[in-house]
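**Student:** Next up is a structure, given as structure tokens.
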Amino acid sequence: MKLPSSLFKGRLNGLSLFSMTVVTSTLFLASTAFAQEGGAASSDKKAPSLLEDILKNAGVIGYVIIGVSILALALIIEDFMSIKREKLAPPHLQEELEALFDEGKFDEAMDVCEAEPCYLTNVVAAGLDKLGHSYNVIATAFQEAAEEEDVQLSNKIGWLSLIAAISPMMGLLGTVNGMVAAFGEIALKPSVKPNDLAAGIKGALITTLLGLVVAIPVTTVYVFLRNRVTMSSIEIGGMVEELFERFRTKDD
564 MKLPSSLFKG RLNGLSLFSM TVVTSTLFLA STAFAQEGGA ASSDKKAPSL LEDILKNAGV
624 IGYVIIGVSI LALALIIEDF MSIKREKLAP PHLQEELEAL FDEGKFDEAM DVCEAEPCYL
684 TNVVAAGLDK LGHSYNVIAT AFQEAAEEED VQLSNKIGWL SLIAAISPMM GLLGTVNGMV
744 AAFGEIALKP SVKPNDLAAG IKGALITTLL GLVVAIPVTT VYVFLRNRVT MSSIEIGGMV
804 EELFERFRTK DD
């Protein structure tokens with residue numbers, strides 16, 4: 564079965580959206596750093612770079628966000644490697660199963676499914692296990708197996724959704740914590756200078772910046788992968804229905 568052109572367009576649109584988000588985040592960080600460097604050039608005292616600000620003022624919560632971002636990157640790489648057409652329904656398995664079904668070698672087809680488990684073979688095996696029953700029973704079996712595979716894939720990418728959701732919250736927590744600490748120090752001083760207040764607020768806002776920088780691209784990747792799972796499920800479901808269509812009778 565060939566992938567419909569609409570699905571290819573969906574993948575390209577998702578990839579384009581992801582690329583735009585990454586580029587936008589990168590340009591934002593670059594422009595911020597450039598602005599700081601430009602400001603430093605016009606003053607006698609050199610202002611720290613954005614990276615120096617992050618390392619100096621991130622605090623415990625900020626470093627936790629950085630650690631979460633590394634985890635998110637690892638999950639993204641793993642998901643992109645495993646959730647793709649070639650892994651979920653390898654073309655050689657599709658061709659082999661189609662040939663065995665055409666020849667009526669259903670026992671051999673079951674052996675192939677058991678030897679190379681994947682989304683496609685797990686769903687086909689569920690249908691083969693009900694051979695001898697009506698088509699409705701067979702269809703119910705492979706549809707339930709497909710739903711189980713979809714749930715597993717959704718749970719797999721669900722960690723990215725969790726990271727995207729909690730990163731801004733962690734950033735806000737760090738900001739509130741930093742603001743409380745900054746005003747606490749100011750309250751102990753007999754006189755307050757604007758620089759003291761600005762430095763504390765700047766450090767507190769660093770964690771919000773980190774949280775958003777993590778959440779925006781991770782959210783984009785999650786949506787892209789979720790759409791990929793949906794499209795793959797539709798495509799593989801069509802393959803399996805074509806394989807078992809031969810068992811449909813006039814009464815089904």
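Take the sequence shown: its letters are residues 564 to 815, numbered as in the working numbering. Positions of the beta carbon are idealized from the N, C-alpha and C atoms, including for glycine.
(1) Could you give the first and the last residue of the continuous alpha helix (DSSP H) run that contains G667?
(2) Comparing alpha-carbon positions, which option in L773, E677, A652 and I720 lies nearest M732?
(3) Using C-beta distances below 6 Å, list every residue in its chain close to V686, excluding the 5 sequence neighbours before and after it, in chain order.
(4) Using only CA atoms, which one of P753, G763, S754 and S730 lies nearest to F746?
(5) How do the stretch 713-722 and the stretch 692-703 stand: do at least 3 beta-carbon pairs fall below 8 Å, yes or no?
(6) Would you give the residue range spanned by the alpha helix (DSSP H) that A702 belongs to?
(7) Quick one: is L651 buried, meaning 16 or more other Cβ sit within 10 Å of its Cβ, or exposed?
(8) DSSP on S588, reduced to helix/strand/coil?
(9) Where do the N-terminal and C-terminal ends of the alpha helix (DSSP H) with L651 fall, by residue?
(10) Which partner residues of L772 appear in the DSSP bridge assignment?
(11) Just reading off the alpha helix (DSSP H) that T684 is part of, what are its end residues?
(12) If you measure between the beta carbons of V777 and A635, is that distance less than 8 Å?
(13) Whose C-alpha, out of Y785, E805, D814 and I628, is nearest the C-alpha of F643?
(14) List the endpoints of the continuous alpha helix (DSSP H) containing D814.
(15) Buried or exposed for N699, going by 16 or more other Cβ atoms inside 10 Å?
(16) What residue range is occupied by the uninterrupted alpha helix (DSSP H) comprising Q641?
(17) Apart from the five residues just before and just after P653, which ones in its own chain have a Cβ nearer than 7 Å to its Cβ?
(18) Going by C-alpha distance, which of A744, T771, E679 and S796 is nearest I629?
(19) From this set, A744, I779 and A761, which residue's C-alpha is nearest A725's C-alpha?
(20) Starting from the Cα of R648, find the closest Cα among I797, E666, I624 and D814 and give me that residue.
(21) Thinking G737 and I624 are a contact (beta carbons under 8 Å), I'd like their distance in whole angstroms, please.
(22) Go through its chain and collect everything with a Cβ distance to C676's Cβ below 6 Å, but skip five positions before and after it.
(23) Quick check on the burial criterion: 16 or more other C-beta atoms within 10 angstroms. Buried or exposed for L751?
(24) Use the C-beta contact count for F787: other C-beta atoms within 10 angstroms, 16 or more gives buried, fewer gives exposed.
(25) Taking the Cβ atom as the reference point for each residue, do V781 and I720 lie within a distance shorter than 8 Å?
**Tutor:** By the coordinates alone:
(1) Position 104 of the sequence shown, counted from the start, is the residue given in the question as residue 667. Run containing G667: none; DSSP gives neither H nor E here.
(2) Walking along the sequence shown from the start, residue 732 turns up at place 169. Among L773, E677, A652 and I720, the Cα nearest to that of M732 belongs to L773.
(3) Taking the first residue of the sequence shown as 1, we reach residue 686 at position 123. Once the five neighbours on either side are set aside, the close Cβ partners of V686 are F705, A708, A709 and V803.
(4) Locating residue 746 in the sequence shown gives position 183, where the first residue counts as 1. Checked all of P753, G763, S754 and S730; the closest Cα to F746 is G763.
(5) no
(6) Indexing the sequence shown from 1 puts residue 702 at position 139. Segment Y698 to L751, the alpha helix (DSSP H) holding A702.
(7) In the sequence shown, counting from the first residue as 1, residue 651 sits at position 88. L651 is buried by the Cβ-count criterion.
(8) Taking the sequence shown and counting its residues from 1, the one referred to as residue 588 is at position 25. Model confidence at S588 stands at a pLDDT of 47, short of 50, so the residue's coordinates are unreliable; what they give is reported in the following sentence. DSSP places S588 in helix when its eight states are reduced to three.
(9) On the sequence shown, position 88 is the one that residue 651 refers to. Where L651 is concerned, the enclosing alpha helix (DSSP H) stretches over R648 to L651.
(10) Residue mapping note: residue 772 aligns to position 209 of the sequence shown, counting from 1. Partner(s): none; L772 has no beta bridge.
(11) Locating residue 684 in the sequence shown gives position 121, counting from the first residue. Note, T684: alpha helix (DSSP H), Y682 to L691.
(12) Counted from its first residue, the sequence shown places residue 777 at position 214. Counted from its first residue, the sequence shown places residue 635 at position 72. Yes; because the gap between Cβ atoms is below 8 Å, this pair is in contact.
(13) Here the question's residue 643 lines up with position 80 in the sequence shown. Of Y785, E805, D814 and I628, the residue nearest in Cα terms is Y785.
(14) Your numbering for residue 814 matches position 251 in the sequence shown. Segment: none, D814 is in no alpha helix (DSSP H) and carries neither H nor E.
(15) Here residue 699 refers to the residue found at position 136 of the sequence shown. Counting Cβ neighbours within 10 Å, N699 comes out exposed, since fewer than 16 surround it.
(16) For the purposes of this step, residue 641 is taken as residue 78 along the sequence shown, with counting starting at 1. The question names Gln, but residue 641 in the sequence shown is Glu. E641 -> alpha helix (DSSP H) spans G622 to S645.
(17) The residue you call residue 653 lines up with position 90 of the sequence shown. Within the same chain, P653 has close Cβ partners C681.
(18) Along the sequence shown, one-based indexing puts residue 629 at 66. Nearest option by C-alpha distance: T771.
(19) The residue given as residue 725 occupies position 162 in the sequence shown. It is Leu, not Ala, that sits at residue 725 in the sequence shown. When only C-alpha atoms are compared, the closest one is I779.
(20) Sequence index remark: in the sequence shown, residue 648 carries index 85 (1-based). Out of I797, E666, I624 and D814, I797 has the C-alpha closest to the C-alpha of R648.
(21) As a first step, residue 737 must be located in the sequence shown, where it is residue number 174. As a first step, residue 624 must be located in the sequence shown, where it is residue number 61. Rounded, the Cβ-Cβ distance is 4 Å, consistent with contact.
(22) Along the sequence shown, read from residue 1 onward, the residue named residue 676 stands at position 113. Around C676: T684, V687 and A688.
(23) Sequence index remark: in the sequence shown, residue 751 carries index 188 (1-based). Under this definition L751 is an exposed residue.
(24) Numbered from 1 along the sequence shown, position 224 holds the residue referred to as residue 787. The residue is buried, with at least 16 neighbouring Cβ atoms inside 10 Å.
(25) For this step, residue 781 is matched to residue 218 along the sequence shown. For this step, residue 720 is matched to residue 157 along the sequence shown. Result no, Cβ atoms of V781 and I720 do not sit closer than 8 Å.
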